[in-house]
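Last residue of the sequence shown: number 354 in the working numbering, and the count goes up by one each step with no gaps.
Note that the Cβ used here is the ideal one computed from N, Cα and C, for glycine as well.
Here is the structure we will look at.
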Amino acid sequence: MKQFREEISSGRLKSIYVLYGEEDYLKDHYTKMIKQCVTKEDGEDFNVLRINGKFDIEGFEMFLSSPPIFNDKKVCIVKNSGVLSKVNEEEKQRIITALENIAPGVTVVFSENSIDKRSALYKFITRQNGGVYEFKYQKEVDLRNWVKRHLQEEKMSMSDEDITYFLNSADKGMYGILSEITKLINYKRYEGIITKADVDALTCKSVENRVFEMLNKLYSGDMQSVYKMLDDLKTLKTEPVMLVSLIFGEYSKIRKVKLFCEEMPQNEALAKAGIRFYGNEYVKKAKATSLKTLDKIISMCRECDYEIKSGASDKWLAMRKLISNSHNANIRI
């Protein structure tokens, strides 16, 4: 990544870049930086071609074969086209041929959610020494520092504890986080400080976060709050099958943490289990719950999923049954 940034800052771009992964904000950020090496203008010009979604092979070939106009660089930005995962043989060969004969000064940026590293096109790009960079959802420490920098730019303050609470309440992606923190900044601009109470009052909590909080209440034995939160999710018209999937995912994470902590240090175990926030909470649950109990609850999630999808039981009745049975499995901290 350091080399990538140096290439952009120096303007010495490679002919091909592949930016992929789940974090759209960072893919768009670096794509914009590459584009700014060609033109600082927000609008398009003769030296910028954007292909979004459906791939335009004719336009792609024509753009790559011609030199820049009144400039020494031009850039083609291909976004969410799927050409690096699924493409027919004829189109694949035409893309490779176009890249083989790319005009001097032309840079192509493929920005994709996912890629197939077994594909002939991907292998060709790596043989051509193209820059390939993956952008995953960021770690808590990186997001916390990013939010802090944004707050400092706006002359706002927020405690580390409240930033962590906010991040766990927001969407996983940086676009969602930016939208929510901007809302908080605008609301509290004249006071200069954002608190946990502001987060609760203003931010839109993700369903994932609501499920996380609901299981925290379940572990503490506060079933009144659990059922209240379940009713709130019903009011929000959340699909029960989605809730079952999220609950299944949470218990699966707890199970992974329990097993991994027996084999490696806690930080490594959390990273391997894909835990980004509130790692101590997962460790606490893992220590308090036997493997047998976790397996039983995971099995109950599968049964609930079947009942809902098959119509064997009312959806929300099946959900309440799952919550009740999980509580009765004697999993308390």
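Spatially closest choice to residue i from the options, by CA coordinates
i	options	result
Tyr158	Gly197, Thr52, Ser347, Arg276	Gly197
Ile202	Thr224, Ala218, Lys193	Thr224
Arg297	Arg165, Ile117, Gly213, Glu111	Arg165
Cys97	Gly103, Leu85, Val104	Leu85
Lys255	Gly151, Val168, Leu338	Leu338
Gln57	Lys94, Arg139, Cys282, Phe25	Lys94
Asn68	Gln287, Pro125, Asp252	Pro125
Asn122	Ser36, Lys61, Asn109, Asn150	Ser36
Lys226	Tyr208, Asp253, Met244, Ile214	Asp253
Leu251	Lys138, Ala309, Lys336	Lys336
Lys342	Tyr143, Ser31, Met244	Met244
Gln191	Pro286, Val228, Thr216, Met179	One detail in the question is off: residue 191 reads as Ala in this sequence, not Gln. Taking only the C-alpha atoms, the option nearest Ala191 is Val228.
Thr310	Gln24, Glu112, Ala350, Glu175	Ala350
Leu267	Gly242, Thr216, Leu280, Cys322	Cys322
Asn73	Asp49, Pro286, Lys317, Val304	Asp49
Leu70	Lys100, Gly32, Tyr186, Tyr51	Lys100
Phe269	Glu28, Ile117, Phe233	Phe233
Gln173	Ile214, Tyr143, Met195	Ile214
Arg115	Lys317, Arg210, Leu142, Ser30	Leu142
Lys169	Leu199, Gly151, Met54, Gln149	Leu199
Lys308	Gln287, Lys317, Glu324, Glu175	Gln287
Host alpha helix (DSSP H) of residue i (start-end)
i	result
Thr203	195-209
Asp335	Segment: none, Asp335 is in no alpha helix (DSSP H) and carries neither H nor E.
Asn237	228-241
Glu28	23-31
Cys282	261-282
Arg115	110-121
Arg148	141-148
Val304	300-309
Tyr46	45-57
Ala350	Ala350 -> no alpha helix (DSSP H), and no H or E assigned at all.
Sub-7 Å separation of residue i and residue j beta-carbons
i	j	result
Glu155	Gly42	yes
Val247	Val153	no
Thr128	Leu34	yes
Glu82	Ala119	yes
Met76	Val104	Checking the displayed sequence, the identity of residue 76 turns out to be Phe instead of Met. Cβ atoms of Phe76 and Val104: closer than 7 Å.
Tyr272	Leu312	no
Met235	Ile206	no
Ser106	Ser132	no
Val265	Asp326	yes
Ile275	Lys238	no
Pro261	Ile344	no
Thr52	Val130	yes
Met195	Tyr46	yes
Asn186	Lys217	The sequence given here has Tyr at residue 186, not Asn. Yes.
Asn209	Asp221	A quick correction: the sequence has Lys, not Asn, at residue 209. The answer is no: Cβ separation not under 7 Å.
Residues bridged to residue i [DSSP beta-bridge criterion]
i	result
Lys95	Val127
Lys100	Asn73, Ser132
Ser13	The question about residue 13 has no answer, for the chain in this structure spans 22 to 354.
Buried versus exposed call for residue i [16 or more other C-beta atoms within 10 Å across all chains shown]
i	result
Leu291	buried
Arg353	Caution is warranted here: a pLDDT of 46 is assigned to Arg353, below 50, making its placement in the model unreliable, and the coordinate value is therefore given only provisionally. Exposed: under 16 other Cβ atoms inside 10 Å.
Lys258	exposed
Ser331	exposed
Val162	exposed
Arg231	buried
Met22	exposed
Arg26	exposed
Ser320	exposed
Ser347	buried
Met340	buried
Arg90	The sequence shown places Ile at residue 90, not Arg. That one is exposed.
Tyr303	buried
Ser30	exposed
Ser87	exposed
Glu44	buried
Asn301	exposed
Asn92	exposed
Lys138	exposed
Lys279	buried
Asn189	buried
Lys277	buried
Endpoints, the beta strand (DSSP E) within which residue i is located
i	result
Ile37	37-41
Glu155	152-155
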